[in-house]
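Read through the structure below, which is laid out as structure tokens, and then see the notes.
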Amino acid sequence: CMDMCMVDITDIPEAREGDEALVFGKELPVTQLAQWAGTISYEIMTNISQRVKRVYVNEE
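The sequence shown runs 9 to 68 under this note's numbering.
In structure tokens, the structure reads:
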């Protein structure tokens with residue numbers, strides 16, 4: 009599963025193919041994701057391959 013992410017949506021019956029899935033961001037900080045995964049945010053961020061496109065948004 010190189011450069012791929014799997015998300016279990018079993019408990020979200022309203023989810024449909026093509027829906028946007030937020031992995032982390034403004035509404036869900038990477039620190040929360042790391043806590044659920046039993047790690048730290050640094051490990052989550054550094055394990056995202058350089059091949060993954062990055063989009064930086066500056067919201068003031």
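Each residue gets a CB set at the ideal place from its N, CA and C atoms; glycine is no exception.
Within 8 Å, strictly: CB atoms of residue i and residue j
{"i": "Asp-11", "j": "Ser-57", "result": "yes"}
Whole-angstrom C-beta distance between residue j and residue i, which should lie under 8 Å
{"i": "Val-38", "j": "Ile-52", "result": "5 Å"}
Spatially closest choice to residue i from the options, by CA coordinates
{"i": "Glu-25", "options": "Phe-32, Gly-46, Val-15", "result": "Val-15"}
{"i": "Tyr-64", "options": "Lys-34, Thr-47, Asn-55", "result": "Lys-34"}
Beta-carbon contacts of residue i that lie in its chain and below 6 Å, excluding the five residues immediately before and after
{"i": "Arg-30", "result": "For the sequence presented, residue 30 should be read as Leu rather than Arg. These residues qualify, in order along the chain: Leu-36."}
{"i": "Gln-43", "result": "none"}
Residues near residue i in its chain [Cβ-Cβ closer than 7 Å; skip 5 each side]
{"i": "Val-60", "result": "Asp-11"}
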